[in-house]
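With this note's numbering, the residue at position 128 of the sequence shown is 116, and numbering never jumps.
Quick reminder that beta carbons are idealized off the backbone N, C-alpha and C, glycines included.
Nothing here was measured: the structure is a model prediction, and the numbers come from that model.
Structure record follows, encoded as structure tokens.
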Amino acid sequence: MIEFLIPLLLKSFGYFGIFFISLISTSTIFLPAPLYLIIVAASALGMNPFLIALSSAIGMAIGELTSYFIGLGGKKLLEKKHKRAAKKFEIFFKKYGFIAVVITAFIPFPFDIVGISAGLGRYEIKKFLLAVFIGRFFKAILLALLGYEMREIPYWSY
């Protein structure tokens, strides 16, 4: 069923659809979407891999702000009981924040933990967004290029 639905949705909504699915799938754990499958399929169906990665990375970066804001709000709760732990988050993100966020955004890792930790550590939101965008862009471009190479497989020829 999904193998017929994905091409139809990609042809109907295009890059905006990829952006929207990326936004939704990273902003909540309650609505999981087959995001990586969609990125590969979009490229295999002839969409531009660079534009797929760009629209997906922007959507994923904005979607990850939900976990960041949860951490930012939780900072006050953490400071009441665990001031030393809250200070450790701040020190870590001042020292390693950007590279840690880029790497964990790229690798298959439950990234919500990083977003919450960045919020707890009061990491700058602009740096957080940029780091998430960079890591997710490189992940999306690799997946899109995989799909681009899969175009020659007879299954994808509709």
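Length-filtered (4 minimum) alpha helix (DSSP H) runs lying within the region 72 to 124: Counting whole runs of 4 or more residues, the region 72 to 124 contains the alpha helix (DSSP H) stretches 100 to 108.
Euclidean distance between Cα positions of K83 and K127: 24 Å
Distance between P142 and A49 (C-alpha atoms, nearest Å): 34 Å
Classification of L11 by the beta-carbon crowding that lies within 10 angstroms, buried from 16 upward: buried
Three-state secondary structure (DSSP) of T16: coil
Sufficient close CB pairs (3 or more, under 8 Å) joining the region -6 to 10 to the region 35 to 50: yes
Contiguous alpha helix (DSSP H) assignments of at least 4 residues, all confined to the region -2 to 63: 23 to 32 and 37 to 51
Euclidean distance between Cα positions of I104 and E112: 13 Å
Buried/exposed call for F81, threshold 16 Cβ in 10 Å: buried
Own chain, CB closer than 6 Å to F121, minus 5 neighbours either side, in chain order: Apart from the 5 residues on each side of it in sequence, F121 sits with its Cβ closer than 6 Å to the Cβ of A45 and A49 in its chain, given in chain order.
Three-way DSSP call (helix, strand, coil) for I141 in this model: coil
Nearest residue (CA-CA) to L108, options G123, L134 and K76: It is K76 whose Cα lies nearest to the Cα of L108.
Expected contact under 8 Å - CB spacing of G123 and I91 to nearest Å: 7 Å
G59 versus P98: straight-line alpha-carbon distance, rounded: 15 Å
Cβ-Cβ separation, A29 to A132 (assumed contact under 8 Å), whole Å: Not a contact, Cβ separation roughly 10 Å.
CB of K115 within 8 Å of CB of G85, strictly: yes
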